[in-house]
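The structure appears below as structure tokens.
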Amino acid sequence: FTRLGTHVLGLEPNGYLTGPTWSPDERFFAYSTVLNRYGTEQAIFFVDVATGELRTLTDGPGVDNYPEWGPALAGRLR
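For the record, in the sequence shown the residue sitting at position 8 is 8 according to our numbering, with numbers rising by one throughout.
Have a look at this one:
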């Protein structure tokens with residue numbers, strides 16, 4: 001687990017995260033994590049800071065890492 005302010009977040013699944021970043025409005029926190037021991041599968045997760053809800057943004061095969069926030073997501077995450 002990682003402490004984020006007053007919230008404690010469960011990291012999926014191995015606790016190793018990369019590219020942590022806040023959304024521009026600071027409502028969400030995104031990061032990528034390694035899904036297997038070889039590092040060949042990675043996914044991006046984000047957390048609603050107010051509720052602590054952890055959601056998967058990517059889950060396909062391959063490496064998805066170092067998330068960045070862009071205008072296309074503005075107002076779309078609820």
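Idealized CB from N, CA, C, for every residue including glycine. These numbers come from a predicted model, not from an experiment.
Taking only three categories from DSSP, how would you classify residue i?
{"i": "P61", "result": "coil"}
{"i": "P20", "result": "strand"}
Just the C-alpha distance for residue i and residue j, rounded to the nearest angstrom, thanks.
{"i": "Y66", "j": "T18", "result": "6 Å"}
{"i": "P61", "j": "T33", "result": "13 Å"}
{"i": "Q42", "j": "L57", "result": "11 Å"}
{"i": "T40", "j": "D59", "result": "13 Å"}
Going by CA-CA distance only, name the one from the options that's closest to residue i.
{"i": "G51", "options": "Y16, E26, P20, T21", "result": "It should be pointed out that residue 51 corresponds to Thr in this sequence rather than to Gly. When only C-alpha atoms are compared, the closest one is E26."}
{"i": "R37", "options": "P71, E68, V63", "result": "V63"}
I'd like to know whether the C-beta atoms of residue i and residue j end up nearer to each other than 8 Å.
{"i": "P24", "j": "W69", "result": "yes"}
What whole-angstrom Cβ distance do residue i and residue j have, given they're in contact under 8 Å?
{"i": "F46", "j": "F28", "result": "5 Å"}
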